[in-house]
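To keep things clear, I will list the structure first and then write my remarks on it.
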Amino acid sequence: MRTITYREALREAMREEMARDQRVIVIGEDIDGYGGTYAVTKGLADEFGRERVRDTPLAEEIIVGTAIGAAMAGMRPVAEIMTINFALLASDQIVNAAAKARYMFGGQVSVPLVVRMPAGGGAQRGAQHSQTLESWFAHVPGMKVVMPATPYDAKGMLKAAIRDEDMVLLIEHELLYGVKGEVPDEGVEYTVPLNRGEVRREGRDVSLITFSRSVHLCLQAAEELAKEGIEAEVVDMRAIRPIDLDLALDSIAKTHRAIVVEEGWKYYGTGQGMAALIYEYGFDNLDAPIGHVTGVDTPAPYAKNLEKAAFPVRNDIIDAVRRIVPQRVAR
Amino acid sequence: MRTITYREALREAMREEMARDQRVIVIGEDIDGYGGTYAVTKGLADEFGRERVRDTPLAEEIIVGTAIGAAMAGMRPVAEIMTINFALLASDQIVNAAAKARYMFGGQVSVPLVVRMPAGGGAQRGAQHSQTLESWFAHVPGMKVVMPATPYDAKGMLKAAIRDEDMVLLIEHELLYGVKGEVPDEGVEYTVPLNRGEVRREGRDVSLITFSRSVHLCLQAAEELAKEGIEAEVVDMRAIRPIDLDLALDSIAKTHRAIVVEEGWKYYGTGQGMAALIYEYGFDNLDAPIGHVTGVDTPAPYAKNLEKAAFPVRNDIIDAVRRIVPQRVAR
Amino acid sequence: MAISKSDISLAGLSREELLDLHYRMWLIRRFEEKAGEEYTLGKIGGFLHLYIGQEAVGVGMISQLERKDNVLSSYREHGHALVKGTDPNKLMAELCGKATGVSRGKGGSMHIFDAKNGLLGGYAIVGAQMPIACGYALAAQYNHTNQVTMVFFGDGAVDEGAFHEAMNLAELWKLPMVFVCENNLYSMGMAVQKAWSVNSLEPRAAAYGMEYEKVDGMDLLAVRDTAKRAIDRARNESRPTLIEALTYRFRGHSMADPAAYRSKEEAEQWRLNRDPIQLFANRLRAAGVDDATLQAIDDRATQAAEDAATFADNSPFPDLSELTADIMVDPTGAIAWRRPR
Amino acid sequence: MAISKSDISLAGLSREELLDLHYRMWLIRRFEEKAGEEYTLGKIGGFLHLYIGQEAVGVGMISQLERKDNVLSSYREHGHALVKGTDPNKLMAELCGKATGVSRGKGGSMHIFDAKNGLLGGYAIVGAQMPIACGYALAAQYNHTNQVTMVFFGDGAVDEGAFHEAMNLAELWKLPMVFVCENNLYSMGMAVQKAWSVNSLEPRAAAYGMEYEKVDGMDLLAVRDTAKRAIDRARNESRPTLIEALTYRFRGHSMADPAAYRSKEEAEQWRLNRDPIQLFANRLRAAGVDDATLQAIDDRATQAAEDAATFADNSPFPDLSELTADIMVDPTGAIAWRRPR
Ligand SMILES: Cc1ncc(C[n+]2csc(CCOP(=O)(O)OP(=O)(O)O)c2C)c(N)n1
Ligand SMILES: Cc1ncc(C[n+]2csc(CCOP(=O)(O)OP(=O)(O)O)c2C)c(N)n1
Ligand SMILES: [Mg+2]
Ligand SMILES: [Mg+2]
């Protein structure tokens with residue numbers, strides 16, 4: 195095991211897969227000359243050449259459309275959209291073309307494409323640069339959507355995504371790139387399945403159902419709560435579509451209480467979808483309504499103090515847990 | 195009262211508001227020369243002139259972007275997107291520009307814009323033309339989203355939307371345009387509030403929480419169920435954002451059982467959002483998990499038999515009710 | 012740029028080749044007419060966009076391609092498919108949503124795909140096929156397959172941002188492709204001069220430094236000449252071309268469209284004087300082909316269309332298991348994956 | 012089209028006018044330098060894109076507008092706002108996310124909006140301001156307000172579909188607007204010649220039949236000449252123009268960018284030889300303005316920037332109630348409207 199950053203983990207995944215498979219190419223804005231907006235792609239062009247690592251014009255629809263066509267023609271493109279906020283300009287290609295191609299063409303073609311993009315707020319980037327829109331894509335059949343929270347998962351899921359025969363949206367987080375974590379030594383092959391979540395911390399009193407950067411907030415909250423005798427189980431759902439529902443249900447069968455924690459907007463989003471599924475299949479195991487910690491239902495404000503109030507922090511989770519866990523536990 | 199079609203009701207709304215307010219203009223593809231794709235705008239250009247009723251080039255981003263700018267400059271544009279499937283090409287303008295403008299510009303501007311567009315499947319239009327993506331937009335703060343089911347509501351809500359100071363997405367249904375219903379006589383002014391649903395049929399045994407075309411399917415199912423002694427309450431949620439939550443909660447306080455009925459995809463969609471809210475605020479009133487009747491989680495197939503199986507029909511609702519309502523009732 | 016015209020020598024083609032081209036145009040015509048009938052009878056649902064009137068473009072362009080080459084198109088793609096080699100039976104079955112359809116009935120009229128013959132999709136979001144075509148061309152360039160990618164679209168599609176982004180990329184990356192705009196003067200009811208701020212694509216091509224040719228889309232041999240040059244440029248020099256083929260759809264936009272936005276006379280003039288099949292028949296006659304031969308070709312096409320309809324009629328609907336098949340390669344890719352217990 | 016050059020007569024402007032223009036350029040320069048410092052000190056968060064090097068474009072263009080006219084821009088809009096009349100104090104306060112900011116601290120550096128002065132938004136989705144600008148222009152045309160709408164964007168924005176759709180509509184509908192592309196040779200790290208398949212916007216304008224002018228964006232008076240023509244065309248003839256202003260950003264794309272994709276020498280050459288403020292100072296000197304006067308102007312600008320920073324420093328953060336204020340006009344527009352009981 196080594197300790198590397200989330201950014202490095204992603205880069206390693208691409209390097210290894212590019213070395214392994216000539217069909218893998220990487221395209222996007224500023225991935226070469228600029229060195230990658232978040233430096234994820236740094237050095238790839240020098241190593242693999244500019245036929246395989248391609249800076250594109252500033253035009254998201256053509257980036258994704260070209261990647262889709264190349265994938266349908268048998269390549270394994272990894273398209274980088276600079277942030278998920280710009281993916282709206284490519285949403286038609288993702289939803290109407292790529293997600294439907296195999297089905298509407300009667301199984302004659304597949305779209306082995308990876309679209310990588312960071313989401314998330316918290317760095318004062320303002321209303322247009324702080325969104326978390328994974329539920330848009332996860333709503334649509336025809337693709338997989340994953341959101342790794344650790345360097346280990348970032349590398350393992352990106353490698354799995356590149357090898358996958360279907361379109362995978364790998365949604366990163368702008369504030370995770372510098373986060374460090376353990377990954378196997380170079381040369382030790384591994385992938386992380388795209389349809390499995392993972393329990394990050396065991397606990398008997400409440401299940402924190404979460405994903406992406408919020409996993410880390412939940413772990414911090416759980417540490418804090420442990421001091422008062424409340425044991426929270428942190429369930430990293432990382433697979434958004436297909437969702438690892440049993441993982442959540444098993445946890446709730448044990449704890450009987452759940453809080454969904456996410457950074458995005460509350461209404462008609464990912465967390466409500468997860469909650470609805472847990473209710474649907476785990477109703478009898480629930481002793482209380484599921485709590486929901488989310489970003490505030492507003493465009494992201496710029497001002498530091500407002501932004502801080504707009505996105506969940508550790509204490510929001512702690513408060514939500516205290517509200518839902520009966521006093522007898524927290525004694 | 196008169197009986198007119200949903201299509202005519204929408205047209206009347208625009209006519210009345212255009213006559214009342216010079217700031218109202220209508221722009222979109224094929225709304226004039228073609229007579230309106232679904233003939234909703236037929237005759238408007240002749241009546242109000244081609245300065246006010248504007249055929250545009252085939253380019254959704256500019257249609258919506260132009261309408262946004264005009265709205266910010268004080269006009270009251272009604273933009274028609276031919277179907278919601280094409281709104282993905284304008285989703286950046288809707289979400290990143292219009293929904294955020296007032297907030298990120300500190301309240302200095304408003305966007306009194308109406309975007310009209312039909313959604314829905316069921317006419318063998320295939321995978322790219324049969325979607326119901328309202329949850330995408332309803333997820334985002336900064337706009338209102340409504341889905342009228344009747345001519346009365348279509349007219350009243352469109353009029354209210356045009357007068358509203360904020361952006362309203364009025365989502366119609368391709369299979370509702372020909373549906374007839376009662377509306378007040380010409381000259382009798384009325385609007386329908388954009389934040390209120392309506393109970394379409396009272397019942398004590400189960401609440402059918404629904405909207406748009408599915409309201410009609412629920413009413414049919416309720417008729418049928420009544421024959422076996424099951425009284426279903428049909429709750430037309432028509433206001434998707436802001437949602438008239440109390441309406442649903444009041445109904446469930448009475449029936450203790452609910453089924454959400456929608457035509458769109460199940461996961462991370464509108465129905466799951468509504469269900470999650472009902473659970474969150476009405477958990478103690480629920481005797482059973484909420485049922486969920488949805489479109490099948492697949493791109494829309496073209497073949498007649500497959501398409502029929504892909505979207506909910508009356509009997510799917512009846513079956514779902516029978517599963518959830520205890521035997522003692524259905525005696 | 013003047014409109015290219017073929018000379019009367021009939022382009023050095025053999026009699027068989029000429030008659031084959033003629034057959035292909037008739038096949039499209041008769042097939043589409045039959046499809047229109049089946050639609051009226053309710054056997055075809057949804058939208059149906061006929062290619063009648065534009066046959067010379069599809070036949071002229073695609074007959075110059077090799078089988079390995081790629082064709083992408085819009086919802087108005089039946090003609091392109093037939094020329095590229097799609098079996099008319101399977102095509103009609105697809106239009107009727109039958110299990111024997113080229114996409115097993117799941118795509119329908121707007122989404123024809125025939126992997127074997129390189130007909131790589133009818134796309135029904137206007138303009139969206141252009142970026143995807145760039146991707147196919149990029150793959151061909153990267154893998155040195157020497158394939159040419161040809162993408163068809165209408166005058167309306169030019170208005171979409173996708174056109175702009177695709178044109179720039181294709182020229183910038185020197186992609187081996189041919190953009191074919193079938194300018195039939197209308198996008199639905201919108202006359203092209205009301206939608207384009209300039210009335211030709213020539214300056215649009217120049218905006219990207221791309222090669223451009225305008226061609227009379229009713230003149231089969233002229234189309235073939237133009238196609239040849241563009242295809243050679245793509246295959247031998249890896250350079251894209253934008254072709255503007257002037258044509259006219261004789262029918263409404265779709266079967267639902269009475270075409271009230273254009274005058275009956277205008278349409279009648281085109282049908283009478285500019286029918287690409289009649290124009291080519293005239294040339295064949297002038298070159299010595301007799302009427303009986305021409306009639307036999309039409310008859311054969313008519314029969315093929317009939318046969319296609321019969322085939323579709325006799326075919327079963329897809330099995331209901333198809334409803335959730337082939338959403339993705341991975342069948343567990345569906346939502347809510349459950350752990351094996 | 013040759014690049015227009017102003018003649019040495021200093022364009023018939025009075026001494027006061029000339030010095031005022033000079034001041035405006037210095038104000039931008041000093042303001043942006045100060046903003047850069049505040050960013051480094053952590054007082055400004057998020058992204059910060061400085062306008063340094065491009066001052067002559069914003070000043071030349073906007074100084075020809077009337078107050079009632081509209082300006083829309085990108086995230087690189089501080090300069091445009093200052094020329095259009097935005098109070099530097101309120102601007103700096105906005106950058107620092109303070110309650111006294113022009114948007115009450117809620118927008119930040121990328122989203123400046125100043126309704127009173129017609130600075131109608133910095134937009135941070137590249138290219139998205141162009142369609143919106145068309146809407147403002149349409150409203151002006153419809154209401155006969157005689158307003159001109161000017162929209163600024165970069166060379167990178169030209170690649171987006173939004174550019175294409177907006178250019179076509181503007182020309183088609185003869186919208187009274189001016190498109191100003193500030194071609195600073197890079198979009199982030201992407202050199203323009205690697206992104207554009209042609210190396211000029213002239214053919215791009217021709218693609219839509221739109222008027223085009225190229226101008227040396229470092230030459231304030233040349234910019235003013237060009238602006239005047241375009242604005243007159245918009246105001247008097249309701250015809251749009253595309254202006255390509257050749258310029259250079261002296262700093263990185265944003266404060267986070269060390270600009271490793273271009274050589275130090277290249278940037279140094281521009282700074283030394285093509286600084287728009289020094290070039291204009293030279294002309295003023297040649298026209299008889301003495302160094303003390305010039306220095307005083309710079310001093311005044313420096314002081315204004317300092318004052319702005321002090322003002323921002325001394326301003327409070329927004330009240331927490333602002334978090335959910337002004338999402339929409341209708342405060343009950345928030346989700347989950349509850350019935351009054
Ligand atoms: C993005 C998008 N907008 C609108 C439509 C509806 N629509 C389908 S075909 C069409 C006209 C297209 O015209 P053109 O490109 O000229 O092709 P033609 O039909 O003439 O072959 C329109 C507006 C669509 N399918 N996709
Ligand atoms: C749609 C979109 N894609 C990508 C970005 C990220 N981005 C911000 S600015 C920029 C470069 C823009 O360059 P240009 O238009 O030349 O303007 P300049 O920064 O040079 O003023 C990019 C890629 C964005 N904000 N929006
Ligand atoms: Mg057309
Ligand atoms: Mg630039």
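Protein chains in written order, with this note's numbering: chain A, 195 to 525; chain B, 195 to 525; chain C, 12 to 352; chain D, 12 to 352.
Note that beta-carbon positions come from the ideal geometry of N, C-alpha and C, so glycine has one too.
{"Check": "Mind checking if C:F322 is an interface residue toward chain B, Cβ cutoff 8 angstroms exclusive?", "Outcome": "no"}
{"Check": "For ligand 4, is there a heavy atom less than 7 angstroms away from the beta-carbon of D:D166?", "Outcome": "yes"}
{"Check": "Mind checking which residues open and close the beta strand (DSSP E) that includes D:L24?", "Outcome": "No beta strand (DSSP E) contains D:L24, which DSSP labels as neither H nor E."}
{"Check": "Does ligand 4 have a heavy atom nearer than 7 angstroms to the CB of D:Y62?", "Outcome": "no"}
{"Check": "Closest to A:V409 by C-alpha separation, out of A:M431, A:T231, A:R201, A:K421, would be which residue?", "Outcome": "A:M431"}
{"Check": "Is it the case that the CB of D:L59 approaches a heavy atom of ligand 2 more closely than 7 angstroms?", "Outcome": "no"}
{"Check": "Starting from D:M141 and walking both ways along the alpha helix (DSSP H), at which residues does that stretch end?", "Outcome": "140–154"}
{"Check": "How many Å lie between B:R394 and B:V429 at the Cα?", "Outcome": "6 angstroms"}
{"Check": "Out of C:R285, C:R273, C:D243, C:L59, which one is the CA nearest neighbour of C:N157?", "Outcome": "C:D243"}
{"Check": "I want to see whether chain A comes within less than 8 angstroms of C:V226, judged by CB atoms only; does it?", "Outcome": "no"}
{"Check": "For C:K79, does the three-state DSSP call read helix, strand or coil?", "Outcome": "coil"}
{"Check": "Report the rounded CA-to-CA distance for D:K225 versus B:P335, giving the unit in angstroms.", "Outcome": "42 angstroms"}
{"Check": "Should D:N195 be listed as close to ligand 4, given that the test is whether its C-beta is under 7 angstroms from any heavy atom?", "Outcome": "yes"}
{"Check": "Report yes if the C-beta of C:S84 is less than 7 angstroms from at least one heavy atom of ligand 3; otherwise report no.", "Outcome": "no"}
{"Check": "Please confirm whether C:D11 has its beta-carbon closer than 8 angstroms to some beta-carbon of chain B.", "Outcome": "What is shown of chain C runs 12 to 352, which leaves residue 11 of chain C out entirely."}
{"Check": "What residues of chain D sit near C:F174, judged by a beta carbon separation below 9 angstroms?", "Outcome": "G172, H175"}
{"Check": "Give a yes or no on whether the C-beta atoms belonging to A:I434 and A:V362 are separated by under 8 angstroms.", "Outcome": "no"}
{"Check": "Would you check if there are 3 or more beta carbon pairs closer than 8 angstroms linking the segment 501–513 of chain A to the segment 206–225 of chain B?", "Outcome": "no"}
{"Check": "Run down chain D in chain order and give the residues with a C-beta less than 7 angstroms from the C-beta of B:D360.", "Outcome": "M339, V340, D341, G344"}
{"Check": "Look at A:D286 and B:L283 and say whether their C-beta atoms are less than 8 angstroms apart.", "Outcome": "yes"}
{"Check": "Once the 5 residues before and after B:F505 are set aside, which same chain residues still bring their CB inside 6 angstroms of it?", "Outcome": "G315, G316, E457, G489"}
{"Check": "Would you identify the three-state DSSP class for A:Y200, choosing helix, strand or coil?", "Outcome": "helix"}
{"Check": "On the DSSP letters alone, give me the boundaries of the alpha helix (DSSP H) that B:M276 sits inside.", "Outcome": "Per DSSP, B:M276 belongs to no alpha helix (DSSP H) and is neither H nor E."}
{"Check": "So with Cβ pairs under 8 angstroms, would you call B:F505 a contact of chain A?", "Outcome": "no"}
{"Check": "Could you list which residues in chain C have their beta carbon closer than 8 angstroms to that of D:N194, in chain order?", "Outcome": "Within 8 angstroms Cβ-Cβ: nothing; D:N194 doesn't reach chain C, min ~15 angstroms."}
{"Check": "Ignore the nearest five residues each way along the sequence and tell me which others in D:D302's own chain have a CB closer than 8 angstroms to its CB.", "Outcome": "R296"}
{"Check": "What span of residues does the alpha helix (DSSP H) with C:E279 cover, start to end?", "Outcome": "275–284"}
{"Check": "Alpha carbon to alpha carbon, how far is D:G108 from A:L500?", "Outcome": "9 angstroms"}
{"Check": "Starting from D:V162, follow its DSSP beta bridges and name the residues at the other end.", "Outcome": "D:L83, D:F190"}
{"Check": "Quick one: Cα of B:T199 to Cα of B:G381, how far?", "Outcome": "17 angstroms"}
{"Check": "So the candidates are C:S114, C:V162, C:R87, C:P99; which of them puts its Cα closest to the Cα of C:L186?", "Outcome": "C:V162"}
{"Check": "If we cut at 8 angstroms on Cβ distances, does A:A442 have a partner in chain B?", "Outcome": "no"}
{"Check": "Taking DSSP as the reference, what is the three-state secondary structure of B:R451?", "Outcome": "coil"}
{"Check": "Apply the 10 Å Cβ neighbour rule to D:D268 and answer buried if 16 or more other Cβ atoms are within range, or exposed otherwise.", "Outcome": "buried"}
{"Check": "Quick check: is the beta carbon of D:V159 nearer than 8 angstroms to any beta carbon in chain A?", "Outcome": "no"}
{"Check": "Please tell me whether D:Y272 has its Cβ less than 8 angstroms away from any Cβ of chain C.", "Outcome": "no"}
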